[in-house]
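Notes to accompany the following structure.
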Amino acid sequence: MQTNSLLQLLKEYKIVIPPIQRDYAQGRNTGKIPQIRGRFLDAIVQVLTDASLRPLELDFIYGYTGQDQDQLFFYPLDGQQRLTTLFLIHWYVAQKEKISEQLLEKFSYATRKSSREFCQRLVSFKAKGGFDSIDEEIMNQSWFFASWQNDPTINAMLVMLKEIEKSFQTLPNRVWEQLAGDHPRLIFHILPMDDLGLPDDLYIKMNARGKELTDFEHFKSKFSEILDSKNAGVFNIAVDKEWSDLFWNIFKNNEKITDLAKDVDNGFLNFFWYLTHILTTQQEIQLDVKEDWITTINKVYKGREDNIQFLFACLNLFEDLQRKPGQVWTDYFYTEAADFHPSKVRLFYINAKINLFEKCAVNYMTDTFVLREQLILYTFIHIHLNQKTVPAEFYRTLRNHLEFASDSFVKISNLKVLYATMDKLVEGLIAEDDLSFSKRQIEEEKKKKELIAKYPDLKEIVYHLEDHTLLRGNIGIFDFDAELKIYGDLFNQIFIEKFDYFGISKALLTFGNYTQEYGQYMRRFGNTSIIVWREIFNESANRKGFEHTKKILKAYLDKFRYNPAITNEIILQEYLDQFVQDADRPKDIFYYYLKHPNFSTWNGSSTDGYYWWQDFKNKPYEAVMLFRTNYIGRHWSPFLLELSFRNENCKLENYDAPLVFSNGQVIFEIRNVNNGFRFKAADDLSAAYLQEIIKGNEQFTDDGIYKITQNADGLDLEDRIEKCNTFLNSLIH
Numbered sequence: 004m005q006t007n008s009l010l011q012l013l014k015e016y017k018i019v020i021p022p023i024q025r026d027y028a029q030g031r032n033t034g035k036i037p038q039i040r041g042r043f044l045d046a047i048v049q050v051l052t053d054a055s056l057r058p059l060e061l062d063f064i065y066g067y068t069g070q071d072q073d074q075l076f077f078y079p080l081d082g083q084q085r086l087t088t089l090f091l092i093h094w095y096v097a098q099k100e101k102i103s104e105q106l107l108e109k110f111s112y113a114t115r116k117s118s119r120e121f122c123q124r125l126v127s128f129k130a131k132g133g134f135d136s137i138d139e140e141i142m143n144q145s146w147f148f149a150s151w152q153n154d155p156t157i158n159a160m161l162v163m164l165k166e167i168e169k170s171f172q173t174l175p176n177r178v179w180e181q182l183a184g185d186h187p188r189l190i191f192h193i194l195p196m197d198d199l200g201l202p203d204d205l206y207i208k209m210n211a212r213g214k215e216l217t218d219f220e221h222f223k224s225k226f227s228e229i230l231d232s233k234n235a236g237v238f239n240i241a242v243d244k245e246w247s248d249l250f251w252n253i254f255k256n257n258e259k260i261t262d263l264a265k266d267v268d269n270g271f272l273n274f275f276w277y278l279t280h281i282l283t284t285q286q287e288i289q290l291d292v293k294e295d296w297i298t299t300i301n302k303v304y305k306g307r308e309d310n311i312q313f314l315f316a317c318l319n320l321f322e323d324l325q326r327k328p329g330q331v332w333t334d335y336f337y338t339e340a341a342d343f344h345p346s347k348v349r350l351f352y353i354n355a356k357i358n359l360f361e362k363c364a365v366n367y368m369t370d371t372f373v374l375r376e377q378l379i380l381y382t383f384i385h386i387h388l389n390q391k392t393v394p395a396e397f398y399r400t401l402r403n404h405l406e407f408a409s410d411s412f413v414k415i416s417n418l419k420v421l422y423a424t425m426d427k428l429v430e431g432l433i434a435e436d437d438l439s440f441s442k443r444q445i446e447e448e449k450k451k452k453e454l455i456a457k458y459p460d461l462k463e464i465v466y467h468l469e470d471h472t473l474l475r476g477n478i479g480i481f482d483f484d485a486e487l488k489i490y491g492d493l494f495n496q497i498f499i500e501k502f503d504y505f506g507i508s509k510a511l512l513t514f515g516n517y518t519q520e521y522g523q524y525m526r527r528f529g530n531t532s533i534i535v536w537r538e539i540f541n542e543s544a545n546r547k548g549f550e551h552t553k554k555i556l557k558a559y560l561d562k563f564r565y566n567p568a569i570t571n572e573i574i575l576q577e578y579l580d581q582f583v584q585d586a587d588r589p590k591d592i593f594y595y596y597l598k599h600p601n602f603s604t605w606n607g608s609s610t611d612g613y614y615w616w617q618d619f620k621n622k623p624y625e626a627v628m629l630f631r632t633n634y635i636g637r638h639w640s641p642f643l644l645e646l647s648f649r650n651e652n653c654k655l656e657n658y659d660a661p662l663v664f665s666n667g668q669v670i671f672e673i674r675n676v677n678n679g680f681r682f683k684a685a686d687d688l689s690a691a692y693l694q695e696i697i698k699g700n701e702q703f704t705d706d707g708i709y710k711i712t713q714n715a716d717g718l719d720l721e722d723r724i725e726k727c728n729t730f731l732n733s734l735i736h
């Protein structure tokens with residue numbers, strides 16, 4: 004065991020904070036650190052002020068030594084925080100007393116590039132004053148990069164320097180002699196590695212002292228241990244240099260990040276586990292959910308040279324791509340509609356990003372980096388690692404197939420098959436007909452190729468429609484003929500993002516019933532959600548009526564084709580005006596949907612668009628409007644819901660309840676039936692009153708149905724809502 008001061012140690016060794024260490028923490032402003040920092044500096048100031056006190060002993064500092072040519076190195080494994088604070092104190096005192104001390108150049112950080120460069124710049128910098136504080140002066144130097152403020156070590160050093168400046172203001176000059184003289188006042192004890200044994204023993208002792216490694220530091224240590232010396236050397240250097248910079252560059256400009264170093268570490272781990280899971284899947288490496296991650300990496304990488312080289316190659320690939328001028332990702336992908344170009348493919352998904360590598364680093368193992376994105380990234384890696392040449396439309400066709408592949412096929416348990424499929428597609432070893440994707444989409448891809456071969460000028464509109472957020476690769480809602488550009492352009496002009504889709508829904512409905520059958524009883528109207536419209540405009544074996552939807556859409560687009568000045572509002576108003584001009588015009592269920600607001604909303608909120616009918620063909624007015632997707636949620640007769648908002652004497656509960664009309668002591672329960680409204684009395688008094696009404700009103704049947712006049716086809720010839728509301732008001736008055 005040796006007793007040293009900082010400068011005594013620097014005379015013999017170059018001190019390097021090793022990559023495995025965490026960031027400098029004594030300058031942080033979180034938790035109890037400011038109080039601990041204050042007490043530490045107070046103790047130092049006191050011992051530098053009062054010569055009668057014994058030197059301040061800063062406990063043991065563990066570490067190991069190394070040598071490169073003639074230079075000896077000391078790598079602290081416990082004591083990094085104290086050594087860094089001593090370095091900053093020595094630098095500050097040297098600046099204050101105009102002392103040039105070259106030994107300080109032998110202190111460095113190897114945790115990340117920015118920390119290392121900051122230390123180099125700091126020791127060569129000569130402070131001149133003229134600023135409110137030393138940290139402000141440093142940050143205003145031309146060599147100080149703004150991005151360095153995101154490095155937690157640099158940020159903490161700046162805070163500590165500011166605190167040192169405040170604490171040392173009362174100290175006289177000639178402090179340097181107390182730091183660098185023959186009897187230094189700040190000392191510590193060096194405990195060499197040989198006194199502790201193997202590195203694992205050291206970590207145990209460190210942890211026992213409450214100085215645990217971060218998860219990433221622990222990972223680096225354990226992963227390095229399972230590699231042979233050659234691969235361990237490559238890994239240890241790259242993970243703290245090139246690969247560290249690779250992930251640093253992903254996160255450095257994100258102002259929302261509170262712990263940049265932690266996010267950089269997690270970014271590396273996310274990509275590492277993405278690649279590791281590829282290997283475990285492809286090689287069918289059996290993993291136990293109960294085993295820890297150390298067991299997993301041993302199974303995947305220990306003694307498996309091919310897997311190690313795959314990992315290194317993937318990391319080097321993206322490090323190389325990041326250094327190249329321009330953005331390779333923008334050559335292939337885009338995310339915003341305004342950026343359409345036929346040579347690129349639009350990516351959708353949650354929080355879409357064109358750089359799938361970066362998205363993997365940020366979001367892997369969350370539900371915002373979905374399997375379809377993971378498969379495209381996997382294919383990208385395969386192509387670039389193996390320098391494969393693929394057709395210009397490769398990513399477009401792949402995106403289309405993945406978009407419309409069923410979730411029962413694109414799932415984690417099927418990843419081995421999916422990876423093999425991606426490989427065969429890249430290698431050109433599988434015909435499109437043999438793909439296990441959606442057969443409907445496979446057929447559409449063929450038809451589009453045939454269409455483009457016949458009409459080459461249609462290629463751009465085909466691609467533009469494929470990239471529409473409502474279509475996402477499937478454009479079967481259009482006829483594949485020479486007029487596709489006319490209808491495609493109209494579609495792109497009308498169905499724009501953040502447009503009034505509810506207005507489109509109503510205008511479209513004036514041309515006919517565009518809804519499709521969901522099973523035997525349900526249909527769905529378009530609402531404000533583009534997800535609903537995407538469903539309506541894409542054919543599915545789970546729904547009937549797509550071809551009719553297709554015809555209605557074409558008729559709707561024709562309206563704009565032959566009258567460019569038309570609007571959805573005008574279309575709807577022209578439709579409703581027909582019923583004003585002809586009061587006896589038949590009024591089907593869709594008339595009510597278009598005329599009355601509460602047929603499509605509840606309390607001002609859009610529903611999911613679903614309607615339920617027991618017998619749509621014969622009893623179309625006996626409809627139930629669902630707030631969400633099934634009967635578990637709120638649901639009502641839309642006719643009764645509209646009346647409940649119209650008439651203050653009416654109340655309507657959820658879950659297909661009757662409309663309750665109350666007038667004094669009289670209470671009626673009202674239900675909508677296909678030919679009118681059925682009235683039922685709630686008590687004897689109300690029953691007697693209802694019988695009087697029935698006897699004196701020919702609009703009532705004997706069993707209490709308030710009739711609506713209908714034609715021979717069973718369609719209303721009068722607005723049943725207006726009629727019923729008028730009748731209820733007559734009872735009140």
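For the sequence shown, the numbering used here gives the first residue as 4, with consecutive numbering after it.
Glycine included, C-beta positions come from ideal geometry on N, C-alpha and C.
The structure displayed is predicted, hence computed values, not measured ones.
Tell me whether residue i sits in a helix, a strand or coil according to DSSP, three-state version.
i	result
E672	strand
T704	coil
Q496	helix
L655	strand
I193	strand
W639	strand
E520	strand
Return the CA-CA distance between residue i and residue j, expressed in angstroms with no decimal places.
i	j	result
Y367	T632	30 Å
T88	A97	14 Å
A684	T704	15 Å
E139	L59	30 Å
P623	F563	30 Å
K99	L51	15 Å
A159	Y27	6 Å
Y521	K726	32 Å
I708	E701	11 Å
D81	R177	31 Å
R124	A364	31 Å
F412	L418	9 Å
K14	L106	7 Å
E215	S609	Model confidence at E215 stands at a pLDDT of 44, short of 50, so the residue's coordinates are unreliable and nothing is read from them.
W246	G236	14 Å
For residue i, report the span of its beta strand (DSSP E) as first-last.
i	result
P79	74 to 81
K620	Premise fails: K620 is in no beta strand (DSSP E) and is neither H nor E.
E60	59 to 71
L272	Here L272 belongs to no beta strand (DSSP E); instead the alpha helix (DSSP H) covers 263 to 285.
F680	679 to 684
F110	110 to 112
Can you tell me whether residue i is buried or exposed, with buried defined as 16 or more other CB within 10 angstroms of its CB?
i	result
N675	buried
P641	buried
K449	exposed
R588	exposed
V583	exposed
Y634	exposed
Q5	exposed
Rank the options by C-alpha distance to the C-alpha of residue i and give the top, closest one.
i	options	result
I455	R85, A626, F483	F483
D291	H192, I281, K302	K302
I507	I555, V365, Y524, D470	I555
N7	A264, D561, I190, G491	I190
Y559	Y490, G476, N666	Y490
L468	I497, K457, R443, S441	I497
I386	L278, F540, L374, M425	M425
Y304	Q325, L282, N319, F321	L282
Span of the alpha helix (DSSP H) holding residue i?
i	result
Y578	571 to 584
I18	Not the alpha helix (DSSP H): I18 falls in the beta strand (DSSP E), residues 17 to 20.
T299	296 to 304
K457	442 to 457
R42	36 to 52
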